[in-house]
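**Q**
Chains as they are written, first to last, in UniProt numbering: chain A, 1 to 405; chain B, 1 to 405.
#1: Less than 8 Å separating the beta-carbons of residue 316 of chain A and residue 322 of chain A?
#2: Could you pull out every residue in the same chain whose Cβ sits closer than 7 Å to the Cβ of residue 117 of chain B, ignoring the five residues on either side in sequence?
#3: Would you call the CB atoms of residue 261 of chain A and residue 76 of chain B closer than 8 Å?
#4: Report yes or no: do three or more beta-carbon pairs, one from the region 266-280 of chain B and one from the region 224-231 of chain A, lie closer than 8 Å?
#5: Consider the Cβ of residue 361 of chain B: report whether some Cβ of chain A lies at a distance smaller than 8 Å.
#6: Based on the DSSP output, what are the partners of residue 274 of chain A in its beta bridges?
#7: If we define contact as Cβ-Cβ less than 8 Å, is residue 349 of chain B a contact residue for chain A?
#8: Inspect the CB distances between the region 352-367 of chain B and the region 241-259 of chain B and report whether three or more fall short of 8 Å.
#9: Counting pairs of beta carbons, one from the region 153-169 of chain B and one from the region 29-37 of chain B, are three or more of them closer than 8 Å?
#10: Do you know offhand how far residue 122 of chain B's Cα is from residue 186 of chain A's?
#11: CB-CB under 6 Å to residue 56 of chain A, same chain, minus the five flanking residues each way: which ones, in chain order?
#12: What does the Cβ neighbour count give for residue 2 of chain B, buried or exposed, with the cut at 16 atoms within 10 Å?
#13: With distances taken between CB atoms, is the gap from residue 143 of chain B to residue 92 of chain B smaller than 8 Å?
#14: In the region 14-36 of chain A, which residues sit with their C-beta less than 8 Å from some C-beta in chain B, listed in chain order?
#15: Can you have a look at residue 18 of chain A and say buried or exposed, based on whether 16 or more other CB atoms are within 10 angstroms of its CB?
#16: Just to check my reading of the structure: residue 81 of chain A and residue 197 of chain A have Cβ atoms closer than 8 Å, yes? What is that Cβ distance to the nearest angstrom?
#17: If you draw a straight line from the C-alpha of residue 223 of chain A to the C-alpha of residue 73 of chain A, how long is it?
#18: State the Cα-Cα distance for the pair residue 193 of chain B and residue 174 of chain B, rounded to the nearest angstrom.
#19: Between which two residues does the beta strand (DSSP E) harbouring residue 196 of chain B extend?
#20: What's the C-alpha gap between residue 41 of chain A and residue 21 of chain B?
#21: My output table needs one value for residue 103 of chain B: the three-state DSSP class, helix, strand or coil.
#22: Assuming residue 215 of chain B is part of the alpha helix (DSSP H), what are its boundary residues?
#23: According to a CB-to-CB cut-off of less than 8 Å, which residues of the region 330-347 of chain B neighbour chain A?
#24: Taking the beta carbon of residue 44 of chain A as the centre, do at least 16 other beta carbons fall within 10 Å, making it buried, or is it exposed?
#25: Quick check on residue 308 of chain A - is its C-beta less than 8 Å from some C-beta in chain B?
#26: Using 8 Å as the limit for Cβ to Cβ distance, is residue 223 of chain A near chain B?
#27: Quick check on residue 186 of chain B: does DSSP put it in helix, strand or coil?
#28: Measure the beta-carbon distance from residue 333 of chain A to residue 360 of chain A and round it to whole angstroms, keeping in mind my assumption that it falls under 8 Å.
#29: Please classify residue 110 of chain B as buried or exposed, where buried requires at least 16 other C-beta atoms within 10 Å of its C-beta.
#30: Name the DSSP beta bridge partners of residue 313 of chain A, please?
#31: Does chain B have any CB closer than 8 Å to the CB of residue 209 of chain A?
#32: Got a sec: which bits of the region 63-75 of chain B sit with their beta carbon under 9 Å from any beta carbon on chain A, in order along the chain?
#33: Jot down the residue ranges of each uninterrupted alpha helix (DSSP H) in the region 21-78 of chain A, minimum 4 residues, whole runs only, in chain order.
#34: Within 10 Å of its beta-carbon, does residue 350 of chain A have 16 or more other beta-carbons around it, so buried, or fewer, so exposed?
#35: Would you mind giving the Cβ-Cβ distance between residue 290 of chain B and residue 300 of chain B, rounded to the nearest angstrom? I have them listed as a contact below 8 Å.
#36: What number of angstroms, rounded off, separates the C-alpha of residue 388 of chain A from the C-alpha of residue 292 of chain A?
Have a look at this one:
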C-alpha cells in the first residue's frame with residue numbers, strides 16, 4: 001500500500017501502429033477525446049447519441065433502429081449478441097477457422113447453448129455449402145454465426161449467400177465485423193444480417209473501448225420472445241435499447257462520454273472519405289504491401305480471393321526469427337506489427353493496414369525498415385526490391401485512390 | 001441510410017457538473033486522453049497497466065494482487081463481481097435501500113442466485129444488526145452485498161463491523177464503492193472487504209468507461225472453486241486476472257488504451273493531494289453547500305451521521321418546481337445537478353460534489369444561481385443568505401482544506 005512510484009506523466013512515444021489493432025487515430029479524433037465533459041443525460045449529449053446512431057447506420061448500411069455503440073470493447077459486442085440471442089438449449093451453427101470463431105463457440109456454451117461447429121483450417125473460409133448442409137441436417141437452428149474478418153488469419157468470409165439460407169431455415173444470421181467494418185463492404189440489410197457487431201480500434205480508427213452494434217427487427221423480436229431473462233444485466237439489449245431510444249431514454253448505465261465524442265468524429269471521417277474511396281484505399285495499400293513482402297519471401301496465408309486488405313497475414317520462411325524482427329521494428333523504428341496467435345504463433349505476421357494506418361507512406365516505411373533489418377541479419381533480400389515492388393503498384397494505380405484525408 | 005447531417009465537429013460548451021456523475025475532469029486528465037496510442041501489448045503499455053494496479057491498490061487501501069480497471073463502466077464492475085462470485089443456487093444477502101441495491105438483487109437473480117433482501121427506506125442505511133440476524137437465520141450465505149454510497153439517496157453505509165460478521169459466517173463481503181472511492185475512506189483490507197468495485201466518473205474525476213475493481217485472495221479462491229463456468233466470458237475474472245497479471249499477460253481483449261491513460265493521470269492527482277486532504281475537502285464543501293441549501297428550505301434526506309459528502313441528496317419543499325429549476329440551471333448557467341430516481345423523482349435533488357467538482361468556487365456558484373432563480377420565481381428566500389451561510393463555513397475552516405490542486 002506504499003505510494004507507488006508513478007511520479008511522472010505518461011507521455012507515449014510516436015508509434016506506427018501496423019498490428020491487428022489498435023490502428024492509428026486521426027488527430028481530429030484525439031482532439032475530440034480531450035473536450036470537456038457534458039452529462040450523459042444532457043440534451044446535447046442525447047443529440048450526440050442520435051448522431052452516432054445515424055452515422056453507424058450509414059456505416060453498417062442498415063435501416064435498423066437498434067444501431068448503437070455498446071459500452072465495452074469489441075468482445076463485449078460479441079458477448080452481448082450471443083448472451084441475448086442464445087438461450088439455454090438453443091443450437092447455433094458456428095464457423096470455427098481461427099481465434100474468434102473459437103471464442104464464439106465458447107460464449108455460446110457459456111450461455112447454455114449448443115454450438116454446432118463447422119471447422120475449417122486456419123486461413124481457410126467456411127464454405128456456404130457446409131453451412132447449407134449443416135442447416136439441413138441440424139434443424140432447428142436458432143442462429144448461424146460467422147466471422148466476417150478473422151483477425152487471427154486474415155481470411156475474409158463471403159457472406160452474400162448466407163442470409164437467404166438462414167431465412168429459409170428460420171435461423172438468425174450473426175456476423176462478427178470487428179475487423180472488417182469501415183475497410184471492406186459490410187452490407188447488413190442487403191446481406192440479410194440480423195446481428196452485427198464491430199470494434200472501434202480497427203478500420204474505424206478510434207481508440208478501443210466501444211462496440212458498434214446493430215440488430216434487425218427479427219433479432220429484437222427474438223429477444224422479446226426469450227423464455228428466460230438474459231444472464232447479463234449490463235449487456236441486456238432490451239434495456240440498452242430503451243436507453244438509446246430517443247423516445248424513452250430510460251437510464252441504464254452512464255455512457256462512456258469521451259469515447260463517444262471520439263467515435264462520432266471517427267465516423268464523420270469515415271463518411272467524409274466515402275465508402276468506395278475508403279475501400280479502394282484499403283485494397284491498394286494491401287496490394288502494394290503484399291507485393292513488397294513477397295520479394296522478401298513472405299507469402300499471404302489465405303487464398304487470393306479471401307484475403308482481407310486490412311489484416312495481411314503472411315507466413316514466415318524458416319530463416320526468419322519472428323521475435324527478433326518484431327522487437328527491432330518496435331525498438332528501433334517505433335513500428336508495431338502483430339505476431340501469430342494459437343497454432344500460428346511464430347509462423348506468421350499479421351500486418352494491419354486499418355483505417356488511418358492504411359497509408360502509402362506507412363507501407364513504404366515498413367517495407368524499408370524490413371529491408372534494412374533483413375540485410376542486417378544477412379537474410380537473402382535484394383536491397384530496394386521490396387520498396388520498389390510497392391512503388392510499382394502505386395505508380396500503376398489511380399492517383400485519386402492514393403489521396404489522404 | 002442517407003448520409004446523416006453531422007456536418008460539424010461536436011464542440012461541447014463548458015458545463016459545471018454537479019450531478020451524480022460524471023464529475024469535472026482535470027485538464028491534465030483530458031490531456032492524457034488526447035495522447036497518441038501505443039499498442040495494448042506494447043511493453044510501455046504493460047508498464048502503464050502495472051502503474052494503474054499500484055495506484056489503485058493505494059486508492060483502495062489494499063494489498064490484493066487482483067486490483068485492476070475493468071473495461072466497462074461501474075455497472076460492469078457490479079456485474080463482474082456478481083457473475084463471478086454468485087453461482088446458480090447461491091444465497092446472497094443484499095441490502096436494498098435505493099436504486100443500486102435493487103439492481104444488485106436483480107443481477108444476483110439473473111445469475112441463478114437467491115437474493116435475500118434486507119430492505120430499508122430510501123435514505124436510511126442497512127443496520128449491522130439486521131445483517132447479523134439474517135446471517136444467523138439464513139446460513140449458508142455465500143456473500144453479503146452492500147452499497148457503500150447509495151447514489152440514489154446520498155446515504156453512507158457503515159461497513160466497519162460487517163467484515164468480521166461475514167468471516168464468522170463464512171460469507172464473502174461485496175461492496176459497491178462506485179460513488180465513495182476517492183471521496184471518503186474506503187479501507188478494503190482493514191474492513192475485510194472481499195470484492196470492491198467503483199466507477200471512474202465519480203470521485204476519481206476521470207471520464208466514465210472503466211470500473212476499478214479489487215478482489216481478495218479469498219474471493220479469487222471462490223472463483224477458482226466454481227462448479228460451473230461463469231456465464232460471462234467478457235467479464236470472466238479468472239481470464240482477466242491472467243491478462244492483467246505481469247507474469248502471464250495472456251491476451252483476453254483489447255484494453256481501452258486512451259481511457260487507461262486518463263485513469264492513470266486521475267489516480268496520480270488523487271495520490272498527489274493525499275487521502276486526508278481529499279476527504280477533508282469533500283467534507284468541507286458538503287458542509288458549506290448544505291448550510292446554504294438549508295436557508296433555501298432544502299433539507300438533507302439521510303440522517304446527519306449517514307450523509308455522503310460527495311452526493312448531497314436534499315428534499316424539495318412543495319413550492320419548488322423541480323424541472324423548472326434544473327432546466328434554468330442548465331440552460332442559463334451551464335450547471336448540471338441531478339434529479340431524483342424512482343420513488344424520489346421530483347422530490348429530491350442530488351447535488352454531486354465529487355472529486356474535481358468538490359470546489360469552494362463551485363459551491364458558491366451554485367448557491368448564487370439558486371438564489372437568483374428562487375428570487376425570479378418569487379419563492380421565499382432572503383437574497384444573499386445562502387451564499388453567506390456557505391461563506392460562514394469556509395471562513396471558519398482551516399485554510400489548507402480549501403486549497404485546490
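Even for Gly, the Cβ is constructed at its ideal location relative to N, Cα and C.
**A** Straight from the coordinates:
#1: yes
#2: 94, 96 and 105
#3: no
#4: no
#5: no
#6: Answer is none; residue 274 of chain A lacks a bridge partner.
#7: no
#8: no
#9: no
#10: 49 Å
#11: 67 and 212
#12: Because residue 2 of chain B carries a pLDDT of 46, less than 50, the predicted location of this residue cannot be relied on, and the following value inherits that uncertainty. Exposed, because fewer than 16 other Cβ atoms sit within 10 Å of the Cβ of residue 2 of chain B.
#13: yes
#14: 14, 15, 17, 19, 21, 22, 24, 25, 28, 30, 31, 32, 33, 34, 35 and 36
#15: buried
#16: 6 Å
#17: 22 Å
#18: 6 Å
#19: 195-197
#20: 10 Å
#21: helix
#22: Note, residue 215 of chain B: premise wrong, no alpha helix (DSSP H); beta strand (DSSP E) at 211-215.
#23: 330, 336 and 341
#24: exposed
#25: no
#26: no
#27: coil
#28: Actually they do not touch by this definition, with Cβ atoms about 17 Å apart.
#29: buried
#30: A:350
#31: yes
#32: 63, 71, 72, 73, 74 and 75
#33: 27-33 and 43-60
#34: buried
#35: 6 Å
#36: 7 Å
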